[in-house]
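Asker: Take this structure first; my questions come after.
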Amino acid sequence: EDQVTQSPEALRLQEGESSSLNCSYTVSGLRGLFWYRQDPGKGPEFLFTLYSAGEEKEKERLKATLTKKESFLHITAPKPEDSATYLCAVQDTGKLIFGQGTTLQVKP
Amino acid sequence: ETGVTQSPTHLIKTRGQQVTLRCSSQSGHNTVSWYQQALGQGPQFIFQYYREEENGRGNFPPRFSGLQFPNYSSELNVNALELDDSALYLCASSTGTSGSFDTQYFGPGTRLTVL
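This is how it looks when you write it as structure tokens:
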């Protein structure tokens, strides 16, 4: 069965304390892996698309990487405004499967 | 601002009723997908439309149906509402072709409560 699991469920960091969020997946045919950011009361905001193992994408303090079984979202020197829920989603044939998300809180 | 709007913002219905949720996408966004997001969970894919035809569906029963119109608007219809249908309903649009989920722009969602 197709499955996407994110860990940890919640993460508290001090401002400037770098860390990584994990997204592990089991799908029959990966056609893309996506990272989103979701703020309370809003729809998800697209961050990255990764298509093949070894691929990396960067945007400001965020860097996403992909292997054959998992993806990492690395957050370097986070700021309080990075606080949000981060969602990963995996595309299988004709459908998109989201993980449950990691809620990140960055304290000043 | 993503340019994707949804209406209404909030809605309260009773079990057994029918509901229609609406989404307006950016011009040129031929692909629209709908998702159900329960509190504290990730979104669940309901279905996707490309140029007014359904071209992908998640594990949702037929009482969940949709329409997409040439003016980049779309609807999600749910019949025979159940208590478990209470959730945030999100639409997302993109310029991708059929079956693509790349660079989707989400609306703010409609919060549906079924009593």
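So the protein lines, in turn, are chains C and X. The opening residue of the first sequence carries number 572 in my numbering; numbering runs sequentially from there. The opening residue of the second sequence carries number 4 in my numbering; numbering runs sequentially from there. From the three backbone atoms N, C-alpha and C, an ideal C-beta is built for every residue, glycine too.
1. Among X:Leu118, X:Ala95, X:Ser103, X:Phe104, which has the Cα closest to the Cα of Thr8 of chain X?
2. How many Å lie between Pro111 of chain X and Gly614 of chain C at the Cα?
3. Considering only C-alpha positions, which residue in the set X:Ser36, X:Pro73, X:Gln40, X:Phe63 is nearest to Arg54 of chain X?
4. Using a Cβ cut-off of 8 Å, which residues of the segment 88 to 113 of chain X contact any Cβ in chain C, in chain order?
5. Taking just the CA atoms, how far does Gln577 of chain C sit from Thr113 of chain X?
6. Would you list, in chain order, the members of the segment 612 to 639 of chain C that have their beta-carbon closer than 8 Å to a beta-carbon of chain X?
7. As a quick exercise: from C:Gly600, C:Gly625, C:Gln671, pick the residue whose alpha carbon is nearest that of Pro579 of chain C.
8. When you compare the CB of Phe605 of chain C with every CB in chain X, is at least one pair closer than 8 Å?
9. Starting from Phe669 of chain C, find everything on chain X with Cβ-Cβ shorter than 9 Å and list it in chain order.
10. Would Leu681 of chain C count as contacting chain X if we go by Cβ distances under 8 Å?
11. With DSSP as the reference, identify every bridge partner of Asn80 of chain X, one or two as the case may be.
12. Report the neighbours of Gly61 of chain X on chain C: residues whose CB is nearer than 7 Å to its CB, in chain order.
13. Does Gly672 of chain C get closer than 8 Å to chain X when you measure Cβ to Cβ?
14. Using 8 Å for Cβ pairs, my map puts Ala655 of chain C next to Gln609 of chain C. What's the rounded Cβ distance?
15. What separation, rounded to the nearest whole angstrom, lies between the Cα atoms of Thr116 of chain X and Glu626 of chain C?
16. With burial defined as no fewer than 16 other Cβ atoms inside 10 Å of the residue's Cβ, what is the status of Gln47 of chain X: buried or exposed?
17. Would you kindly report the start and end of the unbroken beta strand (DSSP E) that includes Phe50 of chain X?
18. Just to confirm my understanding: we take Leu667 of chain C, look at its own chain, exclude 5 residues before and 5 after, and list those with CB closer than 7 Å. What are they?
19. By how many angstroms is the C-alpha of Ser590 of chain C removed from the C-alpha of Gln582 of chain C?
20. For Gln662 of chain C, go through chain X and note every residue whose CB falls closer than 7 Å to its CB, in chain order.
21. When the Cα of Gly6 of chain X is compared with those of X:Glu85, X:Gln21, X:Ser27, which residue comes out closest?
Answerer: Result, derived from the coordinates:
1. X:Ala95
2. 5 Å
3. Of X:Ser36, X:Pro73, X:Gln40, X:Phe63, the residue nearest in Cα terms is X:Pro73.
4. Leu93, Ala95, Gly102, Phe104, Asp105, Thr106, Gln107, Tyr108, Phe109, Gly110, Pro111, Gly112
5. 25 Å
6. Within the segment 612 to 639 of chain C, the qualifying residues are Gly612, Lys613, Gly614, Pro615, Glu616, Phe617, Thr620.
7. C:Gln671
8. yes
9. Within chain X, the residues near Phe669 of chain C are Tyr38, Gln40, Gln44, Gly45, Pro46, Gln47, Phe48.
10. This structure does not reach residue 681 of chain C, given that chain C is present from 572 up to 679, and the question cannot be answered.
11. Looking at the DSSP output, Asn80 of chain X sits in a beta bridge with X:Thr23, X:Ser68.
12. Lys666
13. It does; some Cβ of chain X falls within 8 Å.
14. 6 Å
15. Thr116 of chain X and Glu626 of chain C have their C-alpha atoms some 41 Å from each other.
16. buried
17. Where Phe50 of chain X is concerned, the enclosing beta strand (DSSP E) stretches over 47 to 53.
18. Ala660
19. The displayed chain sequence assigns Leu, not Gln, to residue 582 of chain C. Near 9 Å, if we compare the C-alpha coordinates of Ser590 of chain C and Leu582 of chain C.
20. Phe104
21. X:Ser27
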